[in-house]
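Peer 1: Next up is a structure, given as structure tokens.
2 protein chains.
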Amino acid sequence: MRKRKVPDVVINRLPLYLRVLAEIDPEQTPIISSYELGERTGITPGQIRKDLSFFGVFGKQGVGYEITTLRAELCRILNLDRVVNVGLVGVGNLGEAFLRYGAGRQKEVLNREGLVIKAAFDQDEQKIGRHIAGVEIFPVWQMPELIARLKLTIMILTVPAGVAQEVFDTCVAGGVKAFLNFAPVKLKIPAGIRVHHADFTLQLESLAYYS
Amino acid sequence: MRKRKVPDVVINRLPLYLRVLAEIDPEQTPIISSYELGERTGITPGQIRKDLSFFGVFGKQGVGYEITTLRAELCRILNLDRVVNVGLVGVGNLGEAFLRYGAGRQKEVLNREGLVIKAAFDQDEQKIGRHIAGVEIFPVWQMPELIARLKLTIMILTVPAGVAQEVFDTCVAGGVKAFLNFAPVKLKIPAGIRVHHADFTLQLESLAYYS
Numbered sequence: 032m033r034k035r036k037v038p039d040v041v042i043n044r045l046p047l048y049l050r051v052l053a054e055i056d057p058e059q060t061p062i063i064s065s066y067e068l069g070e071r072t073g074i075t076p077g078q079i080r081k082d083l084s085f086f087g088v089f090g091k092q093g094v095g096y097e098i099t100t101l102r103a104e105l106c107r108i109l110n111l112d113r114v115v116n117v118g119l120v121g122v123g124n125l126g127e128a129f130l131r132y133g134a135g136r137q138k139e140v141l142n143r144e145g146l147v148i149k150a151a152f153d154q155d156e157q158k159i160g161r162h163i164a165g166v167e168i169f170p171v172w173q174m175p176e177l178i179a180r181l182k183l184t185i186m187i188l189t190v191p192a193g194v195a196q197e198v199f200d201t202c203v204a205g206g207v208k209a210f211l212n213f214a215p216v217k218l219k220i221p222a223g224i225r226v227h228h229a230d231f232t233l234q235l236e237s238l239a240y241y242s
Numbered sequence: 032m033r034k035r036k037v038p039d040v041v042i043n044r045l046p047l048y049l050r051v052l053a054e055i056d057p058e059q060t061p062i063i064s065s066y067e068l069g070e071r072t073g074i075t076p077g078q079i080r081k082d083l084s085f086f087g088v089f090g091k092q093g094v095g096y097e098i099t100t101l102r103a104e105l106c107r108i109l110n111l112d113r114v115v116n117v118g119l120v121g122v123g124n125l126g127e128a129f130l131r132y133g134a135g136r137q138k139e140v141l142n143r144e145g146l147v148i149k150a151a152f153d154q155d156e157q158k159i160g161r162h163i164a165g166v167e168i169f170p171v172w173q174m175p176e177l178i179a180r181l182k183l184t185i186m187i188l189t190v191p192a193g194v195a196q197e198v199f200d201t202c203v204a205g206g207v208k209a210f211l212n213f214a215p216v217k218l219k220i221p222a223g224i225r226v227h228h229a230d231f232t233l234q235l236e237s238l239a240y241y242s
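Quick note, the sequences are listed as chains X and Z, same order.
Position 15, counted from 1, in the first sequence is what my numbering calls 46; the numbers after and before it change by one each time, with no gaps.
Position 29, counted from 1, in the second sequence is what my numbering calls 60; the numbers after and before it change by one each time, with no gaps.
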């Protein structure tokens, strides 16, 4: 119930708070004010207090938030206090880059639970059975079975635009609830499914303003 | 002067408005209300009206915005009514994926001016002189000269984290004002330079909430 009520834009900001907090040594700086957190994230202190209050997290008036507690709370809210199993479909250049990138990031966060890429899928028989950065590539027809067996709850789509909807539908039917989609296509998304579009074009177009 | 006053978050939303407008045939639907634009973008009508008012763009009370005019205005504001020359540094898996992705997108927007990737750079001699999706790969030492000659105003950084700052500094010295950075590193950014971080980790972490 609670999950329905929190706006997606609020959820999207939580990882940023978490990242900033991770850069601070709580032994040296045990407490952070919403003002300082605002300075470091570029989000206004009022917005930060409002975002955190959605989850019943409040700082001490005139003091701030205890960093260790706030980090633990954010991890718990984002389900990052346990392992979240991620799959990837489409091991072309982008898929391969992502697997290597993911491996690099996982090393950085080894000291806590979190996101782990457990399996990759491709239709090219040449690629089946290969490992990239420790992740095995399986045939796409095995997807429904492996989604269930490996408990994949997030899927990264790095497939060509032409097959994206079909792959997406298969994953949804298999029980995946959250997607990071790199295919430049507008997916038909059923209710209850969350899709983030990794859209470089929008980012580049807004950069053109500053060019 | 004007550019300084518009918040970056507003600029970041303009390409989304432009995309939604591009999907509508102005012959059939010449006018759109901020309410409809809100429905299609997920941004509140009030926010949309406020965003556009920064640029002196106002809809007709009780009617809305003329789509053709609004598209032209947004293109002009974002500098997309002319060619914006883009460079890319680091032709690994991700860089190569980006070049191919960019080429696909450019075909879609052939009927207007906009972002064009003009040159790629790498330090691997094996790659120099190759073309990917029509874009030539040059040695990194030629970067300062080519930034000036090809008027590259946006640079995409798909380099390893270890060299990102050095490459960034070279581009800034060469006159590049806007960056899309894929390297998982916190860059030291001088005033007046705009950097967007394409950070998959943050996107994945917020997806974990829905997993």
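For each residue, glycine too, the CB sits at the ideal point set by N, CA and C.
All values reported here derive from a predicted model rather than from experimental measurement.
1) Note down, in chain order, every chain X residue with its Cβ under 8 Å from the Cβ of Arg123/Z.
2) Does Ala229/X come out as helix, strand or coil in the three-state DSSP assignment?
3) How do the segment 111 to 130 of chain X and the segment 116 to 126 of chain Z stand: do at least 3 beta-carbon pairs fall below 8 Å, yes or no?
4) Going along chain X in order, which residues have a C-beta closer than 7 Å to the C-beta of Asn299/Z?
5) Using Cβ-Cβ distances below 7 Å, what residues of the segment 176 to 202 of chain Z are close to chain X?
6) What residues from chain X crowd round Pro46/Z, counting only those whose CB sits closer than 7 Å?
7) Tell me where the alpha helix (DSSP H) around Leu68/X begins and ends.
8) Give a yes or no on whether the minimum CB-CB distance between Leu211/Z and chain X is below 8 Å.
9) Figure out for me which residue from Leu235/X, Ile187/X, Phe213/X and Ala209/X has the closest Cα to the Cα of Leu119/X.
10) Give the DSSP bridge partners of Phe210/X, in chain order.
11) How long is the line joining the alpha carbons of Gln59/Z and Thr99/Z, rounded to whole angstroms?
12) Please decide whether Glu70/X counts as near chain Z, where near means a Cβ-Cβ distance under 8 Å.
13) Could you give the distance in angstroms between the alpha-carbon of Lys243/Z and the alpha-carbon of Phe213/Z?
14) Thinking C-beta only, is Ala150/X closer than 8 Å to Phe169/X?
15) In the structure shown, what three-state DSSP assignment does Leu119/X receive?
16) Since I believe His227/Z is in contact with Leu238/Z (beta carbons under 8 Å), could you give me their beta-carbon distance rounded to a whole number of angstroms?
17) Say the cut is 7 Å; is the CB of Glu197/Z nearer than that to a heavy atom of the ligand PLP?
18) At 8 Å on the CB atoms, spell out the chain Z contacts of Ala229/X, in chain order.
19) Taking Cβ-Cβ distances shorter than 9 Å, what residues in chain X pair up with Gln108/Z?
20) For the segment 80 to 106 of chain Z, list every residue whose C-beta sits within 8 Å of some C-beta in chain X, in sequence order.
21) Under 8 Å, Cβ to Cβ, is there at least one residue of chain Z near Lys208/X?
22) Given that a residue counts as buried once 16 or more other Cβ atoms are within 10 Å of its Cβ, and exposed if not, what is Val114/X?
23) Within 10 angstroms of the Cβ of Asp153/Z, are there 16 or more other Cβ atoms? Answer buried if so, exposed if not.
24) Please return the same chain residues whose Cβ sits closer than 8 Å to the Cβ of Ser64/Z, not counting the five positions on each side in sequence.
25) Starting from Tyr66/Z, find everything on chain X with Cβ-Cβ shorter than 7 Å and list it in chain order.
26) Just to make sure I have the definition right: I need the residues of chain X whose C-beta is within less than 8 Å of the C-beta of Val115/Z. Which are they?
27) Would you identify the three-state DSSP class for Pro170/X, choosing helix, strand or coil?
28) Does DSSP put Ile159/X in a helix, in a strand, or in coil?
29) For a test of the three-state rule: what should DSSP assign to Lys81/X, helix, strand or coil?
30) So Leu146/Z is in the beta strand (DSSP E); what residue range does that whole segment cover?
31) Relative to chain X, which residues along the segment 140 to 171 of chain Z have a C-beta separation below 8 Å, given in chain order?
32) Out of Val40/Z, Ile178/Z, Leu111/Z and Val88/Z, which has the shortest C-alpha to C-alpha gap to Ile74/X?
33) Taking the alpha carbon of Val216/X as the reference point, which residue from Lys36/Z, Thr184/Z and Arg50/Z has its own alpha carbon closest?
34) Taking only beta-carbon atoms, is Leu111/Z less than 8 Å away from chain X?
35) Mark Gly145/X as exposed unless 16 or more other C-beta atoms lie within 10 angstroms of its C-beta, in which case mark it buried.
36) Exposed or buried, which one is Val147/X when buried takes at least 16 other CB atoms within 10 Å?
Peer 2: Let me spell this out:
1) One-based indexing of the second sequence puts residue 123/Z at position 92. Checking the sequence, you will find Gly at residue 123/Z rather than Arg. Result: Ala128.
2) On the first sequence, residue 229/X is found 198 positions in, with the first residue counted as 1. Ala229/X: coil per DSSP, three-state reduction.
3) yes
4) Since the displayed chain Z opens at 32 and closes at 242, residue 299/Z lies outside it and no answer follows.
5) Taking 7 Å as the Cβ-Cβ cut-off against chain X, the residues of the segment 176 to 202 of chain Z that qualify are Thr184 and Ile185.
6) Translated into positions along the second sequence, residue 46/Z becomes position 15. The answer, in chain order, is Leu233, Glu236 and Ser237.
7) The count along the first sequence starts at 1 and reaches residue 68/X at position 37. Here the alpha helix (DSSP H) through Leu68/X covers Ser65 to Thr72.
8) Position 180 of the second sequence, counted from the start, is the residue given in the question as residue 211/Z. It does; some Cβ of chain X falls within 8 Å.
9) One-based indexing of the first sequence puts residue 119/X at position 88. Ranking Leu235/X, Ile187/X, Phe213/X and Ala209/X by Cα distance to Leu119/X puts Ile187/X first.
10) Stepping through the first sequence from its first residue, residue 210/X is reached at position 179. Paired residue(s): Met186/X and Val226/X.
11) Within the second sequence, numbered from 1, the residue matching residue 59/Z stands at position 28. Within the second sequence, numbered from 1, the residue matching residue 99/Z stands at position 68. Cα to Cα, Gln59/Z sits roughly 12 Å from Thr99/Z.
12) Start at 1 with the first residue of the first sequence, and residue 70/X comes out as number 39. No - not a single Cβ of chain Z is within 8 Å of the one on Glu70/X.
13) A question about residue 243/Z goes unanswered here, because the residues of chain Z that appear run from 32 up to 242.
14) As a position in the first sequence, residue 169/X is number 138, starting the count at 1. As a position in the first sequence, residue 150/X is number 119, starting the count at 1. Taking 8 Å as the Cβ cut-off, Phe169/X and Ala150/X qualify as a contacting pair.
15) As a position in the first sequence, residue 119/X is number 88, starting the count at 1. Reduced to three states, the DSSP call for Leu119/X is strand.
16) Residue 238/Z sits at position 207 when you count from the first residue of the second sequence. Residue 227/Z sits at position 196 when you count from the first residue of the second sequence. 20 Å between Cβ atoms; not a contact.
17) The ligand PLP is absent from the structure shown, which contains no ligand whatsoever.
18) The residue you call residue 229/X lines up with position 198 of the first sequence. Within 8 Å Cβ-Cβ: Ala229, Phe231 and Gln234.
19) Position 77 of the second sequence holds residue 108/Z. Rather than Gln, the amino acid found at residue 108/Z in this sequence is Ile. In chain order: Tyr240.
20) none
21) Residue numbering aside, residue 208/X sits at position 177 when the first sequence is read from its first letter. Yes, because at least one Cβ of chain Z sits closer than 8 Å to the Cβ of Lys208/X.
22) If you number the first sequence from 1, residue 114/X lands on position 83. It counts as exposed.
23) Counting from one through the second sequence, the residue named residue 153/Z turns up at place 122. With 16 or more Cβ atoms within 10 Å of its Cβ, Asp153/Z is classed as buried.
24) Here residue 64/Z is taken as the residue at index 33 of the second sequence, counted from 1. These residues qualify, in order along the chain: Pro76, Gly90, Val94, Gly95 and Tyr96.
25) If you number the second sequence from 1, residue 66/Z lands on position 35. Taking the beta carbon of Tyr66/Z as reference, no residue of chain X falls within 7 Å; the closest one sits roughly 19 Å away.
26) Working through the second sequence from its first residue, we reach residue 115/Z at position 84. Ordered by position in chain X, the residues that pass the 8 Å Cβ test against Val115/Z are Ala239 and Ser242.
27) The residue you call residue 170/X lines up with position 139 of the first sequence. Three-state result, Pro170/X: strand.
28) By one-based count along the first sequence, residue 159/X stands at place 128. Three-state result, Ile159/X: coil.
29) Along the first sequence, read from residue 1 onward, the residue named residue 81/X stands at position 50. Three-state DSSP puts Lys81/X in a helix.
30) Translated into the one-based positions of the second sequence, residue 146/Z becomes position 115. It spans Leu146 to Asp153 - the beta strand (DSSP E) in which Leu146/Z sits, taken as one unbroken run.
31) Listed in sequence order: Gly145 and Leu146.
32) Mapped onto the first sequence, residue 74/X falls at position 43. The option with the nearest alpha carbon to Ile74/X is Val40/Z.
33) Locating residue 216/X in the first sequence gives position 185, counting from the first residue. Considering only alpha carbons, the answer is Arg50/Z.
34) In the second sequence, the residue the question calls residue 111/Z occupies position 80. Chain X, which has a Cβ nearer than 8 Å to the Cβ of Leu111/Z, makes this yes.
35) In the first sequence, residue 145/X corresponds to position 114, counting from 1. Buried is the call here.
36) By one-based count along the first sequence, residue 147/X stands at place 116. It counts as exposed.
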